[in-house]
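Numbering (our numbering), first residue to last: 716 to 849. Think of the CB as a built atom: it goes at the ideal place given N, C-alpha and C, for glycine as much as any other residue. Note that the structure is predicted; figures quoted are calculated from it, not measured.
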Amino acid sequence: MFAVEVREAIMIAHSLPDPFFGPAQNKHGATFVVDVTFFRKELSEHNVVVDIGRAGTALKKVLSPLNYSDLDTTPQFAGKLTTTEFLCKHIFDEMRSCIASGELGPGSEDLVKMRVTLGETHLARAWYEGDLGD
Numbered sequence: 716m717f718a719v720e721v722r723e724a725i726m727i728a729h730s731l732p733d734p735f736f737g738p739a740q741n742k743h744g745a746t747f748v749v750d751v752t753f754f755r756k757e758l759s760e761h762n763v764v765v766d767i768g769r770a771g772t773a774l775k776k777v778l779s780p781l782n783y784s785d786l787d788t789t790p791q792f793a794g795k796l797t798t799t800e801f802l803c804k805h806i807f808d809e810m811r812s813c814i815a816s817g818e819l820g821p822g823s824e825d826l827v828k829m830r831v832t833l834g835e836t837h838l839a840r841a842w843y844e845g846d847l848g849d
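#1: Could you give the distance in angstroms between the alpha-carbon of A773 and the alpha-carbon of K804?
#2: I need the DSSP call for K742, collapsed to helix, strand or coil.
#3: What does the alpha-carbon distance come out to for the pair P734 and A815?
#4: Which two residues bound the contiguous beta strand (DSSP E) that contains F717?
#5: State the DSSP-derived secondary structure class of T788, mapped to helix, strand or coil.
#6: According to the neighbour-count rule (16 or more other Cβ atoms, all chains shown, within 10 Å of its Cβ), is L758 buried or exposed?
#7: Might you give, ordered along the chain, the residues of its own chain that have their beta carbon closer than 6 Å to the beta carbon of G771, omitting 5 neighbours on each side?
What follows is the structure in structure tokens.
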């Protein structure tokens with residue numbers, strides 16, 4: 716399996732209002748390193764997994780509404796616990812839409828899997844990984 720990964724970073728504010736989260740129930744900030752990994756079984760006719768430039772541009776577009784935002788006041792996240800894992804799935808779904816619309820260019824239809832990883836610190840990270848097939 717071949718893979719290529721693109722990286723960006725975002726800064727957000729949020730709270731996790733449930734006793735399960737202890738002190739993280741309070742408003743706090745987070746800086747996430749965001750990695751998106753694309754997988755395919757064989758290289759494209761250009762010997763690449765995906766156009767890395769287009770993949771990076773798509774990731775920047777997907778992250779733009781989140782960067783420097785307070786997720787507690789973002790309507791689409793109303794009533795949601797915006798955990799790192801939750802955000803991984805949100806970014807995965809948005810990137811999947813970019814792939815489906817052709818934003819990653821020719822050959823992206825042959826991607827078979829994608830992983831979105833958010834690094835909270837140098838000690839902790841979470842990810843969501845899923846198939847891109849039918």
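Taking the structure as given:
#1: 16 Å
#2: coil
#3: 39 Å
#4: F717 to H729
#5: helix
#6: exposed
#7: V721
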